[in-house]
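Be aware that the sequence shown starts at 437, since it is given in this note's numbering, and climbs by one per residue.
Note that CB positions come from ideal geometry on N, CA and C, so glycine has one too.
From a predicted model like this one, the values you see are computed outputs, not experimental measurements.
First comes the structure, then the notes that go with it.
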Amino acid sequence: MKNCKQEPVEDTLWLKLYKAAEEEAKREPILASYLYAIVLNHKTLEEALAFHLAGKLASSSLQPMLMREVIDQAFCESNKIGEEFRADLKAIHERDPAAYNFAEPFLHYKGFHALQSYRVAHWLWKSGRKGLASHLQNRISELFGVDIHPAAQIGKGILIDHATSVVIGETAVIEDDVSILHEVTLGGTGNIVGDRHPKVRKGVLIGAGAKILGNVEIGEYSKIAAGSVVLTNIPPHSTAAGVPAKIIGKPFAEIPAHAMNQMLNKPRKR
Ligand SMILES: CC(C)(COP(=O)(O)OP(=O)(O)OC[C@H]1O[C@@H](n2cnc3c(N)ncnc32)[C@H](O)[C@@H]1OP(=O)(O)O)[C@@H](O)C(=O)NCCC(=O)NCCS
């Protein structure tokens, strides 16, 4: 195992998150011991996140200390998880108007917890530890109501908003900077085996309840309306809506995932 003991480096995101937790501990004394345990007792974002996720993912038969060792190892040996979860936290902060600081999603958003737990499961899967990866998939599903196969490939800067009932299949691919709302399925049709799940290119916004089925491609910077059933490829920079989904126009925003504009083809009124 790699030796990951190193001096913490300057990490602006962590400093901001820490400060927000400190302020919250002063404002709400009932939360102070919780905030100390999860954030304020730690020196790095990696350390705090590993502690936080281990507490959630552990069970009576797999104790928090053991779970913590697994997560620490994933964070230490993966050369990209740290960059990914920082990009995810920034994505939530920038795109979700309810996330008024970094501490809020870190502490309380189950879409963030599910995604980072998946990142650990994906690392285990790629390292050949498929049994433990599947165990984590089951825990993530039980705890957060989000079912992501550990083999799925998910980029960075991902927002899974609300997160309840999101399902992402084994051969699905999600590129960087994608926003996904609750009750989205990236699933198979049951008609083909092997590579059978959607490929979602960068910058896409997928509305609540959309079902994207089969090995179809959602082109970059497209938008899928809430409740759509997508069964065919969607070209880049398109808005698709309906059951089955049809192209109905072009997104107003250049990057729909960033703009989070839920209106189909119009600018958001501020
Ligand atoms: C599998 C499925 C997509 C249809 O597959 P199929 O039998 O091969 O049918 P096709 O894709 O050829 O579609 C036949 C027609 O029905 C339409 N259609 C297919 N599924 C549809 C759906 N869910 N809702 C509305 N229309 C649908 C198609 O658009 C097509 O219309 P057209 O003939 O006017 O072009 C559909 O039955 C389905 O939704 N299955 C459930 C899959 C699922 O839940 N997966 C999640 C796994 S996690």
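* Assumed close pair E606, A588 - CB separation to whole angstroms, cut-off 8 Å -> Confirmed, Cβ separation roughly 6 Å.
* **Own chain residues within Cβ distance below 7 Å of I528, not counting five before or after** => Contacts found: A535, P541, Y545, F548 and L595.
* Return the first residue and the last residue of the beta strand (DSSP E) that V603 is part of. => V603: member of the beta strand (DSSP E) spanning V602 to I604, first to last residue.
* Asked: Can you give, in chain order, each stretch of the alpha helix (DSSP H) that sits fully within the stretch 478-532 and has at least 4 residues?
  -> For the stretch 478-532, whole alpha helix (DSSP H) runs of length 4 or above, ordered along the chain, are 481-493, 500-513 and 517-531.
* Cα separation between D597 and A662? -> Going from the Cα of D597 to the Cα of A662 covers about 13 Å.
* **Contact under 8 Å by Cβ, A676 with V666** => Yes, Cβ-Cβ distance for A676 and V666 is below 8 Å.
* Check T675 in the structure and name its three-state DSSP category. => Reduced to three states, the DSSP call for T675 is strand.
* Is the CB-CB distance between S601 and L572 below 8 Å? -> No, the pair does not count as a contact, with Cβ atoms beyond the cut-off.
* To do: Taking only the alpha-carbon atoms, compute the straight-line gap between P500 and Y454 and give it to the nearest angstrom.
  => When rounded, the distance between both Cα atoms is 23 Å.
* Asked: Looking at N651 and ligand 1, is the gap between the Cβ and the nearest heavy atom below 7 Å?
  -> It does not: the Cβ of N651 is nowhere closer than 7 Å to a heavy atom of ligand 1.
* Give the range of the alpha helix (DSSP H) segment to which V629 is assigned. => Here V629 belongs to no alpha helix (DSSP H), and DSSP marks it neither H nor E.
* **P687 Cβ short of 7 Å to ligand 1 heavy atom set** => Checking the 7 Å criterion, the Cβ of P687 is out of range of every heavy atom belonging to ligand 1.
* Asked: If we cut at 8 Å on Cβ distances, does C512 have a partner in chain D?
  -> Given the protein chain composition of this structure (a single chain), no chain D is represented.
* Asked: By how many angstroms is the C-alpha of W561 removed from the C-alpha of A523?
  -> Straight-line Cα distance between these residues: approximately 22 Å.
* Spell out the partners DSSP gives G623 in its beta bridges. => Paired residue(s): L649.
* **The beta strand (DSSP E) enclosing I584, as first and last residue numbers** => Boundaries of the beta strand (DSSP E) around I584: V582 to I584.
* Considering only residues of the same chain and omitting the five flanking positions on each side of D631, which have a CB-CB separation below 6 Å? -> Cβ neighbours of D631 beyond the five flanking positions: T607 and N651.
* **Cβ distance (whole Å) where H618 is taken to contact A644 below 8 Å** => Contact holds; Cβ gap of about 5 Å.
* Range covered by the alpha helix (DSSP H) that runs through K462 -> That run of the alpha helix (DSSP H) goes T448 to R463.
* Express the C-alpha separation of G624 and S469 in angstroms, rounding to a whole number. => So the two alpha carbons sit approximately 45 Å from each other.
* Asked: What three-state label does DSSP hand L595 in the structure shown?
  -> Here DSSP, grouped into helix, strand and coil, assigns L595 to strand.
* Whole-Å CB distance - P692 paired with V620, under 8 Å assumed -> Taking C-beta atoms under 8 Å as the contact rule, P692 and V620 fail to qualify, at a distance of about 14 Å.
* **Heavy atom of ligand 1 within 7 Å of N627 beta-carbon** => Flag set: Cβ of N627 near ligand 1.
* Asked: Where L525 and N515 are concerned, what is the direct C-alpha to C-alpha distance, given to the nearest angstrom?
  -> Distance between the alpha carbons of L525 and N515 is about 18 Å.
* Going by DSSP, name the residue or residues bridged to F609. => Going by the sequence as given, residue 609 is Val instead of Phe. When beta bridges are read from the DSSP output, V609 appears opposite Q589 and K635.
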